[in-house]
Amino acid sequence: MPRGRMQPPDIALTIAENATLGVVMMDAHQKCTYLNAAAEKMFGVTLAEVLRRDEPLHDIIHHTRPDGRHFPMAECPIDRALPERANMQGTDVFVRPDGHFYPVAYTASPILEGGKPVGTIIEVRDLSDERRAEAEREQIEARYRFLAEQLPAHVWTSDPAGKLDYVSDRTAAYFGVTVPQLLLDGWQGVIHPDDLAATVETWTHSLETGAPYEVEFRLRRADGVYRWHLARASAQRGPGGRLLKWFGTNTDIEDRRRVERERDEAYQAAELERNRLQNLLMQAPAAVAMYRGPEHLIAMCNPIWERFTGAEDALGRPFDEVFPQLVGSEARRALDRARESGEAIVGEEVPVALVIEGEPRETFWNFVVQPVLTPTGEVDALLAHAVDVSAQVAARREIERRAEELTRLSEELRHTNEELDKFAYVASHDLKAPLRGISTLATFIEQDSVEQLSEASRGHFELLRGRVERMQALIDGILAYSRATRERGARTTRRVSLADLAREAFDLLGAPEGVELEVGALPTLEAEPVLLQQVFLNLLSNAVKHGGAHVRVVSQPRDGVVEVGVIDDGPGIAPAHHERIWELFQTLDRRDDQSTGVGLPVVRKIVESRGGRVRVESDEGEGAAFYFTWPARAEP
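Under the working numbering, the first residue of the sequence shown carries the number 593, and numbering increases by one thereafter.
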């Protein structure tokens, strides 16, 4: 059944009725003669309603502007297509009967018959969905552009060939240029020259293959400073996988790289320190072990720990399992105390029973058990550092034993010295009394028989008196030697001038006329004057008796002591006798009736009792020099 006064041919009608576009036909008076179904739906009216109104189509669907003003038909380009015999196309806004405006795209063409215009055919497409989608797309794009401006990264896009077509304002400001300038110049002007070649190579590969783009390079900031960035980009693809656009970001990673560098340096330093500590623990001259958990699992031990303890395959095993003999011992309790208190436990000479090479041994250890704490203050492990002091304990015990023995011997020596003093006194009294009697008797006999004695007999009496005097001198020497360093006042110290002592001793000797004493620059000492005077008396007596006419006393400091020398210009002493002269009762000349062989031994005994040494330098015919050393608690 026909739908209007002017109908398209049947085939065309079928096409028009099934078209998705609105198809409209108007007569020469601009009145609608045909609407297809799509047009009816779009306009909100049916063809029958339009025909019934019998007025120009413009007044039905196009009579009012969106702002409410009237839209004259004379101004409508659609209605000018017929009189101007021209195709008109464009976009406009139609209005439905309910007042709803909607955008459309149209094409209006005149219908000519025999060259004469008889009507207009119009194609209309509703743009509402497209405009709505476009508005949503613009809204989304604006939202993403806003987001891109807020991101700290540089956001950019490029066409499939790699040419920049969008950068954010923030990105352009970072480089101190405008957006158009950056789009024109691209990235190459701000990439560090050393990074440019590798960057171009990576970007070219992505452009050719479509593979994701990722590279690290340095970009020059507006102030001229280069900072490291991470660039990433992915391709957007359309139907069929066609590459449409590249979306990318440049993220400033300078701070991250610095942190990573510092972290790596800190890690390397920590690793070096850990290795150094590990080597230190492994090479430490002590037994070192680390224990974890309440059962004190052995987590680490150095070779010395293994060697000293004799424990094999100890790692990962509880302390009590490895050392069952130490359960309840002081060493074992120290581990518990350190874990419970979180404080270091120190042990000195702690006895530890170990089984070494299958044999039980009692050992002694100095140790420190140091808790290793977590950042929260909890005990993570125990580090034990132990030194085997078994040898020191044994040595100390031996020293104590010997000290006790020395004390006993000292007491015995004191008792012996007391007995010796008694003996010396008795010997002095019992031996010297008969000698005095013999000397007195000889004198009486000689006086009573002076006229009857021959010259030879008088010589025998003289020899008898000399032997008696020599025997008395020998007894006095024995007493002097036995009492050396033990006389009353021998250990009383005071400031004493060695020069004065030497001169006093020389004066006491009553040296023969013609013998001179030369005293050098001798120091003043804090010393025992009684002992030093005995030393000088014996050395000067020896020099005067066996020397020449000149005796010198000199001194010099030597390694914390003062060395004093008594030097004469006498006949000298052969080197073969240098040791023998210091022995008791030894004289070089057997015919020497005046020497007892006690003086030099007394000197050595006194000097050595004070930690000093004696020596002689001499040769036959060159005089003799006797030296002794004395502690240098001296004043200059």
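Every residue gets a Cβ at the ideal spot worked out from N, C-alpha and C, and that includes glycine.
Residue from the options with nearest C-alpha to residue i
| i | options | result |
| --- | --- | --- |
| L613 | K623, R931, C624, F635 | F635 |
| S826 | P804, E846, L835 | P804 |
| Q1097 | L1132, L1114, W820 | The sequence shown places Ala at residue 1097, not Gln. Ranking L1132, L1114, W820 by Cα distance to A1097 puts L1132 first. |
| G840 | G660, I714, A640, K755 | K755 |
| V944 | F767, V637, S982, A630 | S982 |
| E632 | I653, E705, V1199, K837 | I653 |
| V817 | G832, W1222, D844, N610 | D844 |
| D659 | M680, A630, G691 | G691 |
| W820 | E1200, E846, V696, G1051 | E846 |
| V1206 | V1143, G1140, F1128, K1137 | F1128 |
| A666 | W1222, P963, E1171, Q622 | Q622 |
| W1222 | G1213, G1215, A1216, R1202 | R1202 |
| V615 | L627, T606, I607 | L627 |
| G1157 | A1216, E1171, M874 | A1216 |
| R1087 | L1124, L1100, G969, H1052 | L1124 |
| K837 | R813, E808, L799 | L799 |
| V1153 | S1002, E992, L1114, L1005 | L1114 |
| E1105 | L1093, R1095, A1094, V1136 | V1136 |
| C893 | L1005, L974, R848, V769 | L974 |
| T749 | G902, F959, R824 | R824 |
| D646 | D972, T656, T625, H655 | T625 |
| L1033 | I1159, F1053, R853, T606 | F1053 |
| M680 | C668, E609, R989, H655 | C668 |
| M617 | G969, I713, V687 | I713 |
Same chain only: Cβ atoms within 8 Å of residue i, ignoring 5 sequence neighbours per side
| i | result |
| --- | --- |
| D1211 | G1164, I1165, A1166, P1167 |
| I1173 | I1165, L1180, L1192, V1208 |
| T638 | L627, E632 |
| L835 | P752, G802, A827, Q828, R829 |
Burial state of residue i (16 or more Cβ within 10 Å)
| i | result |
| --- | --- |
| R931 | buried |
| S1049 | exposed |
| E1120 | buried |
| A1226 | Interpretation of A1226 is limited by its pLDDT of 42, a score under 50 that renders its predicted location unreliable; the figure taken from the coordinates is listed afterwards. With 16 or more Cβ atoms within 10 Å of its Cβ, A1226 is classed as buried. |
| V855 | The sequence given here has Arg at residue 855, not Val. Exposed, because fewer than 16 other Cβ atoms sit within 10 Å of the Cβ of R855. |
| K708 | exposed |
| E715 | buried |
| V710 | exposed |
| H888 | buried |
| V642 | buried |
| D757 | exposed |
| R1244 | The displayed coordinates of the chain run from 593 to 1228. Any statement about residue 1244 would go beyond what the structure contains. |
| F911 | buried |
| N1130 | buried |
| G785 | Note that residue 785 is Pro in the sequence shown, not Gly. Flag for P785 reads exposed. |
| D1184 | Annotation note: pLDDT 48 at D1184 (below 50); position unreliable, no value reported. |
| L649 | buried |
| G1204 | buried |
| R929 | exposed |
| G1081 | Caution applies to G1081, whose pLDDT of 44 falls short of 50 and renders its modelled position unreliable; the value that the coordinates give is listed next. Classification of G1081: exposed, given that the 10 Å Cβ count is below 16. |
| L1001 | exposed |
| T999 | exposed |
| P963 | buried |
Interface flag, residue i vs chain B, CB-CB below 8 Å
| i | result |
| --- | --- |
| R1006 | Among the chains of the structure shown, chain B does not appear; only one protein chain is present. |
heavy atom of the ligand FMN below 7 Å from residue i C-beta
| i | result |
| --- | --- |
| N610 | Ligands are entirely absent from the displayed structure, and the ligand FMN is therefore not among its contents. |
Own chain residues within Cβ distance below 7 Å of residue i, not counting five before or after
| i | result |
| --- | --- |
| T547 | Residue 547 falls outside the range modelled here, since the chain spans only 593 to 1228, and no answer is possible. |
| P695 | T683, V685, L719, S720, R723 |
| W795 | G754, Y805 |
| P895 | M874 |
| A725 | none |
| R1182 | Per-residue confidence for R1182 stands at a pLDDT of 49, beneath the threshold of 50, marking its modelled position as unreliable; the derived number appears in the next sentence. Cβ within range, chain order: n/a, list empty. |
Close Cβ partners of residue i (< 6 Å) along its chain, the five nearest in sequence each way excluded
| i | result |
| --- | --- |
| Y1219 | E1155, G1157, R1207 |
| A891 | M882, R884 |
| R810 | H784, D787, Y818, W820 |
| L822 | E808, T843, I845 |
What alpha helix (DSSP H) runs, 4 residues minimum, are completely inside the segment 1075-1159? You should have 1090-1101, 1121-1138.
Do three or more CB pairs link the segment 659-673 to the segment 681-701 at distances below 8 Å? Between the segment 659-673 and the segment 681-701 there are three or more inter-stretch CB-CB distances shorter than 8 Å, so the stretches are counted as touching.
Can you check the segment 917-978 for any beta strand (DSSP E) of at least 3 residues that lies completely inside it and give the ranges in chain order? If you keep only unbroken beta strand (DSSP E) runs of at least 3 residues inside the segment 917-978, you get 937-948, 951-965.
Does the segment 877-893 touch the segment 983-1000, meaning 3 or more C-beta pairs lie closer than 8 Å? Judged by pairs of C-beta atoms under 8 Å, the segment 983-1000 does not touch the segment 877-893, as fewer than three such pairs exist.
Hey, is the segment 775-786 in contact with the segment 850-870, meaning 3+ C-beta pairs nearer than 8 Å? In short, these stretches do not touch, since the Cβ pair count stays below three.
Which runs of the alpha helix (DSSP H) at least 4 residues long sit entirely within the segment 604-676? Give them in chain order. Listed in chain order, they are 629-635, 639-645, 650-653, 669-672.
In the segment 836-910, which residue ranges form an unbroken alpha helix (DSSP H) of at least 4 residues, counting only runs that do not cross its ends? As far as the segment 836-910 is concerned, its whole alpha helix (DSSP H) runs of at least 4 residues are 846-875, 895-901.
Report yes or no: do three or more beta-carbon pairs, one from the segment 1136-1150 and one from the segment 1099-1112, lie closer than 8 Å? Verdict: yes, contact present.
Given 8 Å as the limit, is there contact between the segment 864-875 and the segment 917-924, that is, 3 or more CB pairs closer than that? At 8 Å Cβ cutoff, the stretches do not touch.
Which ranges would you report for the alpha helix (DSSP H) in the segment 762-849 if only whole runs of at least 4 residues count? Here the runs fully enclosed are 771-777, 785-801.
Start-end ranges of the alpha helix (DSSP H) lying completely within the segment 682-746, minimum 4 residues: Entirely contained in the segment 682-746, the alpha helix (DSSP H) runs reaching 4 residues are, in chain order, 720-742.
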